[in-house]
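One structure is given here, and the rest of the page talks about it.
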Amino acid sequence: MSIMFPSWFETLSIAFLSLGAVSALFIAADVIAHPQRMAVMNIVWPVTAQFGTLAVLWAYYRYGRLATRETMQKSDSRHEELQGKKGPPFPVMVAKGALHCGSGCMIGDVAAEWLAFAMPMIAVWFGWHSIFSEKIFAVWVLDFVFAFVLGIIFQYFAIVPMQKLSPRQGLIAALKADALSLVAWQVGMYGAMAVLQFIVFPHMFGDRAPVDSPVFWFAMQIAMIAGFITSYPVNWWLISAGIKERM
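In this text, residue positions in the sequence shown follow this note's numbering: the first is 474, and each later residue adds one.
Here it is in structure tokens:
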């Protein structure tokens, strides 16, 4: 039987989820009309707006709009006036790099959670009952696999067009650029979910939030923000060291 959360908390959860959905829709509509120069960012911006809500919406209109195909096709003088010779400020480049990583993580985590919910046997394949007594840990293994694979794919399609690499070179470069960032993101995400699911929710409401509840996905929004925070310094180092491309 599903836990019953207070109506005020469910309403709060739905409000934040709705804010994320609306922010994502605004950005999605805009990138359709004004595609990004880097095609994968057409996915990154709306996906990350679902947890970053108004902050990502603001960042998109303030900085993302400076990286559209239209803007890049303008004259050099106009381009420099809009964006500067070296692109946006370095902290913004780092944030974009972290969001790029996080978009793959988010899609992977969401897909894995719903897949394990619809087909619990998948959690058994990933260690439930054999390695883990708790299903949640087996699902986290699945989350990590999905998130890691999708994150590398996203990085691959960012690096290959910029550096004109072969498929093999692109895969190696994507792994070098994003593997550490992906791990850092998942550590923050898992840490936040663990605190909420094993400490906060049981203490406040008597049990963990099930996947088919708005509270769970509100918690996931918070966890994704934690993932952004833990991956940010890693992306700073990767970009500073020239391992990851500036975005």
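In this text, a Cβ means the ideal position worked out from N, Cα and C, and glycines have one as well.
Would you mind reading off the limits of the alpha helix (DSSP H) that contains residue i?
i, result
"Ser480", "Ser480 to Ala506"
"Ala692", "Pro687 to Ser713"
"Val684", "It is not in any alpha helix (DSSP H) - Val684 carries neither H nor E in the DSSP assignment."
"Ser608", "A small correction: the amino acid at residue 608 is Lys; Ser does not occupy that position in the sequence shown. Counting along the chain, the alpha helix (DSSP H) containing Lys608 begins and ends at Lys608 to Gln636."
"Ala512", "Note, Ala512: premise wrong, no alpha helix (DSSP H); not H, not E."
"Met720", "Note, Met720: premise wrong, no alpha helix (DSSP H); not H, not E."
"Ala659", "Per the sequence shown, the amino acid found at residue 659 is Gln instead of Ala. Pro640 to Val668 is the extent of the alpha helix (DSSP H) around Gln659."
"Phe674", "Phe674 to Phe678"
Below 8 Å on the Cβ atoms is my contact criterion, and I expect residue i with residue j to pass it. Report the Cβ-Cβ distance as a whole number of Å.
i, j, result
"Pro675", "Ile487", "At roughly 22 Å, the Cβ-Cβ gap does not stay under 8 Å, so Pro675 and Ile487 are not in contact."
"Arg719", "Met566", "5 Å"
"Ala620", "Gly581", "3 Å"
"Ile505", "Leu530", "Incorrect: roughly 16 Å between the Cβ atoms, too far for contact."
"Leu623", "Gly577", "4 Å"
"Ala650", "Lys717", "4 Å"
Are residue i and residue j close, meaning C-beta to C-beta below 8 Å?
i, j, result
"Met666", "Ala714", "no"
"Tyr705", "Ala522", "no"
"Gly700", "Gly575", "yes"
"Ala585", "Leu615", "yes"
"Phe489", "Gln694", "yes"
"Leu539", "Pro561", "yes"
"Trp601", "Ala611", "yes"
"Met579", "Val668", "no"
"Ala512", "His573", "no"
"Phe524", "Ile698", "yes"
Out of the options, which has the shortest C-alpha to C-alpha gap to residue i?
i, options, result
"Leu653", "Ile712, Tyr534, Trp531 and Ala540", "Ile712"
"Gln659", "Thr703, Phe627 and Ile672", "Thr703"
"His507", "Gly525, Lys637, Gly537 and Trp710", "Gly537"
"Trp709", "Ala657, Arg510, Thr484 and Val633", "Ala657"
"Met662", "Arg542, Ala692 and Val618", "Ala692"
"Gln509", "Thr541, Leu638 and Pro683", "Thr541"
"Val633", "Gly643, Phe627 and Ile625", "Gly643"
"Phe617", "Val583, Val597, Gln670 and Phe627", "Val583"
"Trp587", "Phe689, Leu498 and Ser491", "Phe689"
"Ser496", "Trp518, Glu483 and Ser480", "Trp518"
For a minimum of 4 consecutive residues, which ranges assigned as the alpha helix (DSSP H) are wholly contained in the stretch 572-602? Fully contained in the stretch 572-602 are the following alpha helix (DSSP H) runs of length 4 or more, in chain order: 594-598.
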